[in-house]
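Below: the structure, in structure tokens.
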Amino acid sequence: MHPVLVTIVKRLLLGLVTLFVVSAIIFSAISLLPGDFGEAVLGQAATEETVAAFRKELGLDKPAPARYFDWVKSVVQGDLGTSFSGRSASGQDRSRSVVELIAPRLKNTLFLAGVAALIAVPLALFLGLTAALYRNSWYDRSVNVTTLTTISMPEFFVAYVLILLLASLWPVFPSLSTVNADMELGERLRRIALPAITLTLVIIAHMMRMTRAAIINLLASPYIEMARLKGASRSEIILKHALPNAWAPIATVIAFNLAYLVVGVVVVEVVFVYPGIGQLMVDSVTSRDIPVVQACALIFAGTYIILNLIADVIGIVTNPRLLHPR
Amino acid sequence: MNTSNSHGRGHGSNNSQSHDDQPLLRMTDIRIEGFSDEQWHPIIKGVDLTLRRGEVMGLIGESGAGKSTLGLAAMGFARAGCRFTSGTVEFDGTDLLGLKEKERRQYWGTRIAYVAQSAAAAFNPAHRLIDQTIESASRSHVRNDAESRADAVELYDSLHLPDPENIGQRYPHQVSGGQLQRVMTAMAMSARPDLIIFDEPTTALDVTTQVEVLASMREIVDKYNTAAIYITHDLAVVAQMADVIKVLRYGEEVEQSSTRTMLAAPKEEYTKSLWSVRSLEKPEQRSEDFILQLKDIDAAYGKTPVLHGINIDLPRGKTVAVVGESGSGKSTAARVVTGLLPQTAGSVMFNGDELPPQLSDRTPDQLRRIQMIYQMADTAMNPRQTVEDIIGRPLEFFHNVQGREKEQRVMDLLSMIELDESFLDRLPAELSGGQKQRICIARALAAQPDIIICDEVTSALDQIVQEGILKLLLRLQEQYGISYLFITHDIATVKAISDEIVVMFQGKVVEQGLKSQILSPPYPEYTELLLSSVPEMDPEWLSNLLNQRDRVL
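Structure (structure tokens):
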């Protein structure tokens, strides 16, 4: 088997181990949440017997390790469980499965993240490369200052400024990003324009600066001097001689920011009332809907692991030393 | 040999046949400054240089003499942090310094090419060798892509690279240093330039590899009648390559004359001193009183065996030089002695007792008695510690000396290595290469060792500095009776310092014996190859050697 494949398989297995560790941490953290789950779900009015029966039904009376292994067992079998919500003291059960709850929210989140990434990643690479090419020029400085400014402001502030400018003063885009399943793609894009722009502004600086730094770092290498002495132009040096050696650090930063687009956007979702997975998780924490919280946390952890794996693979395949061993 | 008709010269020379009396390159009153410590310092202080077509000039001098800076200046190029303050670089009638950078680039790679010292660093790790070889030729449209590739294969072949058809498909890390250096020569030659700057192209290579690379370079430069500037600090090497030699010191020309004149009758004192360095030689002494013995040592890195049953004896108060090319296991043997790499079989006897293989099993006293000095003094010192801390540390650790007494001892050590107390508060970055190596020697001395292992300690230094270090080591041996295990690949160093010599090849000891014995015939086959590969001052040396080897084959 090719050594790269071996590495990928190894990383995947390592990712699974990480996921297990994370699942234990998630479980313990949720167990530490204050208050009684039964009361939180059923409300103050519930009698002690109903609460006890409810706890028993959900298995909350069992010791924590037993509950943890029950949960892991069902997750491994593909069953994320049933949400606690939808039940009431009256004994009615309108609860839904966790998958059913999460799936549409996750789709929305991925859609927004995808659109933001499609704008932000190419733009960041372009700005980073051109800034490296014309380093220390007015262009380089203004790109740096602008991106630093946007990253220095809290994301909700960026969001409100955008609402003020693009929804209120010049109403180009809607300020509320409510979407539903049967909306046309064009309309959807229009609705999510403002959150997508907000996210772009938040993540672009990091990626752009890393691209610029990775390239400039390489420009001091002897092989870059050699390329110059072979008559290569500035753009050839950046694109042909520096960039192929800079993919590994750039990919790592991109993966990190893409992961943020999935797991860290809750504030932006709240501002624009966008039905994403971040909001769902926050709501579930408040209502002590443990299965949903756990499932969301697992998805977030998985996102990080997969994206970092992809970044590692990019680092490997762009490095001939690893791809073509001696 | 004469196939130049079938290749033709590149476009560069066609237009200039008419004014052949004109020099190809005429540099006048070149002055270059470098920026450091917040101000500009002169590096080149008004040097003139004239080179005719097809002529090879050797530029020699110590490091810091401005050789590389002047070599690059011949391309109209100054490194970042350097600038031209005056002068003209007339190449084929055009002043390169008067051109815009974009116009100057038209010359680089196509009409003037550069071959760098470290081939491993000068190749882009991300691209295949052949793509890098033909880059300049393709850019300048000397030939189309397919022709360039075919031509590159021919160049690889004439540079005696193995498997010329396919070697270009490899990446830089997949070929050896000597091969890489030849590929770089092919790269320089690809666009058939009129001038090639060779910047210490063989300094990083073993002597045995160096011979082959030198021979290929000389052959190809002859074949295409290319002019060249050959920069080196090795006189014997430049004697093989150059028609004329220019000696530089402190950014100024010391003298220039034809290679033969320069070797036979150097005019200036400085040049004579450069010539004389190689004459240092310690009289050898025999002794059977061994302080250290390696007995049937096997050692391995992971599962890769490196040493195969080696035996080395080090007599008390004497020097044993361990020679061999890189990869022969010299440094591995040193790591076994120090306990950094426990042997897999055999034993290390010290004063008649067996040393524990593991570093952690040795007593502080055993550790104290064997010290080590490394090739790269730079990386062997903590950049954040002052000289006093660096030398004081073993005093505290082994002798439990503190405060004023420690300071006094550090000053004593400094005077032993011929430095004064003004060095106490300096950081490694504020020292020259030779001074750094002296501090490392003082640090080893501080432990009051019986044995010092010297791993290529002079390889990174200039010949004159080398001489100073070697003399210091000899004096310390005389005064304190220290035994040296001296690892090196430089035969001149071996002659200077050793009593006995151990020749290593592929993890085995080929032979051990007194210096006079090893250095006189009859030799085992490998020793013969090693010794005959050491360049000599005779300009005919390389040609004679190649003829001789051809006859043998």
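Quick note, the sequences are listed as chains A and B, same order. If you read the first sequence in the numbering used here, its first letter stands for residue 1, the second for the next number, and so on. If you read the second sequence in the numbering used here, its first letter stands for residue 1001, the second for the next number, and so on. Cβ atoms here follow ideal geometry from the backbone N, Cα and C, with glycine treated the same way. All values reported here derive from a predicted model rather than from experimental measurement.
**Request:** Go ahead and pull the three-state DSSP assignment for B:Met-1504.
**Result:** For the purposes of this step, residue 1504 of chain B is taken as the residue at position 504 of the second sequence. Secondary structure at B:Met-1504: strand, using DSSP grouped into helix, strand and coil.
**Prompt:** Ends of the alpha helix (DSSP H) at B:Asp-1389?
**Reply:** Residue 1389 of chain B sits at position 389 when you count from the first residue of the second sequence. That run of the alpha helix (DSSP H) goes 1387-1399.
**Inter-residue spacing [alpha-carbon to alpha-carbon] between A:Ala-45 and A:Phe-272** = If you number the first sequence from 1, residue 45 of chain A lands on position 45. If you number the first sequence from 1, residue 272 of chain A lands on position 272. Going from the Cα of A:Ala-45 to the Cα of A:Phe-272 covers about 34 Å.
**Prompt:** Are the C-beta of B:Trp-1040 and some C-beta of chain A separated by less than 8 Å?
**Reply:** As a working mapping, residue 1040 of chain B is identified with position 40 in the second sequence. Using beta-carbon distances, B:Trp-1040 does not count as an interface residue toward chain A, since no partner is under 8 Å.
**Prompt:** Buried or exposed: A:Val-145, going by 16 or more other Cβ atoms within 10 Å of its Cβ?
**Reply:** Locating residue 145 of chain A in the first sequence gives position 145, where the first residue counts as 1. Exposed.
**Buried/exposed call for B:Gln-1463, threshold 16 Cβ in 10 Å** = Against the second sequence, residue 1463 of chain B aligns to sequence position 463. With 16 or more other Cβ atoms within 10 Å, it is buried.
**Request:** Could you please tell me which residues of the segment 237-264 of chain A, in chain order, have their CB closer than 7 Å to any CB of chain B?
**Result:** Those would be His-241, Pro-244 and Asn-245, in chain order.
**Request:** In angstroms with no decimal places, state the Cα-to-Cα distance between B:Arg-1316 and B:Pro-1428.
**Result:** For the purposes of this step, residue 1316 of chain B is identified with residue 316 of the second sequence, where counting begins at 1. For the purposes of this step, residue 1428 of chain B is identified with residue 428 of the second sequence, where counting begins at 1. If I take the Cα positions, the gap works out to 32 Å.
**Message:** If we define contact as Cβ-Cβ less than 8 Å, is A:His-2 a contact residue for chain B?
**Reply:** Taking the first residue of the first sequence as position 1, residue 2 of chain A is located at position 2. No - not a single Cβ of chain B is within 8 Å of the one on A:His-2.
**Item:** Any chain B beta carbon closer than 8 Å to A:Ser-233
**Value:** Within the first sequence, numbered from 1, the residue matching residue 233 of chain A stands at position 233. Under the Cβ criterion of 8 Å, A:Ser-233 is counted among the residues facing chain B.
**Prompt:** Within the 8 Å Cβ cut-off, does A:Tyr-134 reach chain B?
**Reply:** Taking the first residue of the first sequence as 1, we reach residue 134 of chain A at position 134. Cβ-Cβ to chain B under 8 Å: no for A:Tyr-134.
**Request:** With a 10 Å radius around its C-beta and 16 neighbouring C-beta atoms as the bar for buried, classify B:Phe-1505 as buried or exposed.
**Result:** If you number the second sequence from 1, residue 1505 of chain B lands on position 505. Buried, since its Cβ has 16 or more Cβ neighbours within 10 Å.
**Asked** Is the number of C-beta pairs between the segment 176-187 of chain A and the segment 221-231 of chain A that are closer than 8 Å three or more?
**Response** Because the criterion of three Cβ pairs below 8 Å is not met, the segment 176-187 of chain A and the segment 221-231 of chain A do not touch.
**Asked** Can you check whether the CB of B:Asp-1243 is closer than 8 Å to the CB of B:Glu-1055?
**Response** Mapped onto the second sequence, residue 1055 of chain B falls at position 55. Mapped onto the second sequence, residue 1243 of chain B falls at position 243. Yes.
**Item:** Minimum length 4: unbroken alpha helix (DSSP H) runs contained in the segment 1268-1338 of chain B
**Value:** Every unbroken stretch of the alpha helix (DSSP H) spanning 4 or more residues and falling wholly within the segment 1268-1338 of chain B is given here in chain order: 1269-1276 and 1330-1338.
**Request:** Give the residues of chain A in contact with B:Glu-1135, contact being defined as C-beta atoms less than 7 Å apart.
**Result:** Within the second sequence, residue 1135 of chain B is the residue found at index 135, counting from 1. Contacts between B:Glu-1135 and chain A, judged by CB atoms closer than 7 Å, involve Lys-230 in chain order.
**Item:** Where B:Gln-1256 sits in the DSSP three-state scheme
**Value:** Mapped onto the second sequence, residue 1256 of chain B falls at position 256. It is a strand residue.
**Request:** Could you tell me which chain B residues have their CB closer than 8 Å to the CB of A:Pro-222, listed as they occur along the chain?
**Result:** The sequence position of residue 222 of chain A within the first sequence is 222, counting from 1. Residues of chain B passing the Cβ test: Ala-1116, Ser-1118, Ala-1121 and Ala-1122.
**Asked** By DSSP, does B:Ser-1016 sit in helix, in strand, or in coil?
**Response** Residue 1016 of chain B sits at position 16 when you count from the first residue of the second sequence. Reliability fails at B:Ser-1016, whose pLDDT of 41 lies under 50, so the model's placement of it is uncertain and the value that follows must be treated cautiously. DSSP places B:Ser-1016 in coil when its eight states are reduced to three.
**Prompt:** Are there 16 or more other CB atoms within 10 angstroms of the CB of B:Asp-1029, so buried, or fewer, so exposed?
**Reply:** If you number the second sequence from 1, residue 1029 of chain B lands on position 29. That one is exposed.
**Message:** For a quick check, are the C-beta atoms of B:Gly-1178 and B:Glu-1212 less than 8 Å apart?
**Reply:** Counting from one through the second sequence, the residue named residue 1178 of chain B turns up at place 178. Counting from one through the second sequence, the residue named residue 1212 of chain B turns up at place 212. Contact: yes.
**Request:** Using the Cα positions of B:Trp-974 and B:Leu-1235, report the straight-line distance between them to the nearest angstrom.
**Result:** Nothing about residue 974 of chain B can be reported from this structure: the residues present for chain B run from 1001 to 1553 only.
**Item:** Cβ neighbours of B:Ile-1391 in the same chain (closer than 8 Å, five flanking residues each side left out)
**Value:** Numbered from its first residue, the second sequence carries residue 1391 of chain B at position 391. For B:Ile-1391, where only same-chain residues beyond five positions count, the Cβ hits under 8 Å are Val-1410, Leu-1413, Leu-1414, Ile-1439, Ala-1442, Arg-1443 and Ala-1446.
**Item:** Three-state secondary structure (DSSP) of B:Leu-1341
**Value:** Locating residue 1341 of chain B in the second sequence gives position 341, where the first residue counts as 1. Residue state, collapsed to three classes: coil.
**Request:** Going by CA-CA distance only, name the one from A:Leu-219, A:Ile-151 and A:Asn-108 that's closest to A:Tyr-134.
**Result:** Residue numbering aside, residue 134 of chain A sits at position 134 when the first sequence is read from its first letter. Among A:Leu-219, A:Ile-151 and A:Asn-108, the Cα nearest to that of A:Tyr-134 is on A:Leu-219.
**Item:** Within 8 Å, strictly: CB atoms of B:Thr-1226 and B:Thr-1203
**Value:** For the purposes of this step, residue 1226 of chain B is taken as residue 226 along the second sequence, with counting starting at 1. For the purposes of this step, residue 1203 of chain B is taken as residue 203 along the second sequence, with counting starting at 1. For B:Thr-1226 and B:Thr-1203, no; Cβs fall outside 8 Å.
**Message:** Quick check: what's the CA-CA separation for B:Glu-1281 versus B:Ser-1516?
**Reply:** Locating residue 1281 of chain B in the second sequence gives position 281, where the first residue counts as 1. Locating residue 1516 of chain B in the second sequence gives position 516, where the first residue counts as 1. Rounded to whole angstroms, B:Glu-1281 to B:Ser-1516 spans 11 Å at the Cα level.
**Asked** Among B:Thr-1088, B:Val-1457 and B:Asp-1425, which residue has its Cα nearest to the Cα of B:Leu-1097?
**Response** On the second sequence, residue 1097 of chain B is found 97 positions in, with the first residue counted as 1. For the set B:Thr-1088, B:Val-1457 and B:Asp-1425, the Cα lying nearest the Cα of B:Leu-1097 is the one of B:Thr-1088.
**Integer-rounded CB distance, given that A:Val-4 should sit under 8 Å from A:Ala-301** = Residue 301 of chain A sits at position 301 when you count from the first residue of the first sequence. Residue 4 of chain A sits at position 4 when you count from the first residue of the first sequence. With a Cβ gap of about 25 Å, A:Ala-301 and A:Val-4 do not count as contacting.
**Message:** Just to confirm my understanding: we take A:Val-172, look at its own chain, exclude 5 residues before and 5 after, and list those with CB closer than 7 Å. What are they?
**Reply:** Your numbering for residue 172 of chain A matches position 172 in the first sequence. Leu-166.
**Prompt:** What is the DSSP secondary structure of B:Ser-1036, counted as helix, strand or coil?
**Reply:** Position 36 of the second sequence holds residue 1036 of chain B. Strand, per DSSP.
**Message:** So, at 8 Å on beta carbons, what are the nonlocal neighbours of A:Leu-101 in its own chain, with the 5 sequence-adjacent residues on each side left out?
**Reply:** Taking the first residue of the first sequence as position 1, residue 101 of chain A is located at position 101. So the qualifying residues of the chain are Ser-83, Leu-280 and Val-292.
**Request:** Consider the Cβ of A:Ala-311: report whether some Cβ of chain D lies at a distance smaller than 8 Å.
**Result:** In the structure shown, chain D cannot be found, because the protein chains are A and B.
**Prompt:** Would the segment 1033-1045 of chain B and the segment 304-321 of chain A be scored as touching if the rule is three or more Cβ pairs under 8 Å?
**Reply:** As far as the Cβ criterion goes, the segment 1033-1045 of chain B does not touch the segment 304-321 of chain A, which means the pair count is below three.
**Asked** Since B:Met-1372 is in the beta strand (DSSP E), which residue starts that stretch and which ends it?
**Response** Taking the second sequence and counting its residues from 1, the one referred to as residue 1372 of chain B is at position 372. Its beta strand (DSSP E) spans residues 1370-1373.
**Asked** With a CB to CB cut of under 7 Å and the five nearest residues on each side skipped, what residues in its chain are close to B:Gln-1117?
**Response** Against the second sequence, residue 1117 of chain B aligns to sequence position 117. Non-local beta-carbon contacts of B:Gln-1117 in its own chain, meaning distances under 7 Å to residues more than five positions away in sequence, involve Asp-1199, Glu-1200, Pro-1201, Thr-1203 and Ala-1204 in chain order.
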